[in-house]
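Each number in my numbering corresponds to the 1-based position in the sequence shown with 2 added.
Heads up: the structure comes next, in structure tokens.
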Amino acid sequence: MKDIFDRQMQLNIYTLRNIGLDFSTTVADPLEKTVWIENYRKAFSAELAELVREVRERGVGTHNGRIEVVDLLHFLVSLSQIVGVAPSAAFSMMSDGNPGKGGVAGGTAEQAVMECVVETFLALDDLQGCMKWKWWAKGGGFKPDMAEKAVLDLWKRFGEVCALFDLDFDTTKRIYTAKNEVNFRRQDRDYNEDTKDESDNLAIEA
């Protein structure tokens, strides 16, 4: 897991440098920290929605579905780096959520994924609740202990999703490493939301 954290750190440094920011300085700033927690939280939510769409249209266990699961990992590690979740703690929680092939019991695989997605969105809501986002309300402020707890809960849910897609840790890491390299190349090609396609994802062995 430490290798994944290290690779993601290098990618975050690279991507923020491309927009004129220093990653370490940015996430250490009390005001910017919450901005980037929210940025990565939104990105994680978007990837989760893409996973839901994939499962609804094509079922569980597809090549693209497994890529979508691992896409979650990029933003989950990024959140962990900001709120202070160590690689060892992340691995422990992921293992708790991934007891082996079969994952969450009960119903169809699709139903199990959707149940897990609901729990994941609730954890994301807990994370949002750790920050002062209600501009109309007094009080509030960033709550680091609650943020760490919410991210640890996300790791457990991530482990459950991996189990449902029959992704053990070694396979997850292999796919992550390949996608991490794709993301570096996308940055080098001036990644653009309007012109991107998924051809580079198709080349990843999943």
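Where is the CB? At the ideal position from N, CA and C, for every residue including glycine.
Since this is a predicted model, take the numbers as computed values, not measurements.
Which of the three DSSP states is assigned to residue 41 in this structure? Helix, per DSSP.
Determine the closest residue to residue 175 out of 60, 71, 15, with distance taken between C-alpha atoms. Sorting 60, 71, 15 by C-alpha distance to the C-alpha of residue 175 places 71 at the top.
Among 184, 126, 19, 144, which one has its Cα closest to the Cα of residue 32? The option with the nearest alpha carbon to residue 32 is 144.
Own chain partners of residue 122 with C-beta closer than 7 Å, once the 5 adjacent residues on each side are dropped: 50, 156, 159.
Please state whether the Cβ-Cβ distance between residue 79 and residue 189 is less than 8 Å. For residue 79 and residue 189, no; Cβs fall outside 8 Å.
Starting from residue 118 and walking both ways along the alpha helix (DSSP H), at which residues does that stretch end? 111–131 is the span of the alpha helix (DSSP H), which, as asked, contains residue 118.
Measure from the alpha carbon of residue 131 to the alpha carbon of each residue in 116, 117, 4, 151, then state which is nearest. Ranking 116, 117, 4, 151 by Cα distance to residue 131 puts 151 first.
Proximal residues to residue 93 (C-beta, below 6 Å), its chain only, five neighbours per side dropped: Excluding positions up to five away in sequence, the list reads 3.
Does the distance from the CB of residue 111 to the CB of residue 129 come in under 8 Å? Against a cut-off of 8 Å, the Cβ pair of residue 129 and residue 111 comes out as no contact.
Tell whether a beta-carbon distance below 8 Å holds between residue 14 and residue 25. It is a contact, given that the beta carbons lie within the stated cut-off.
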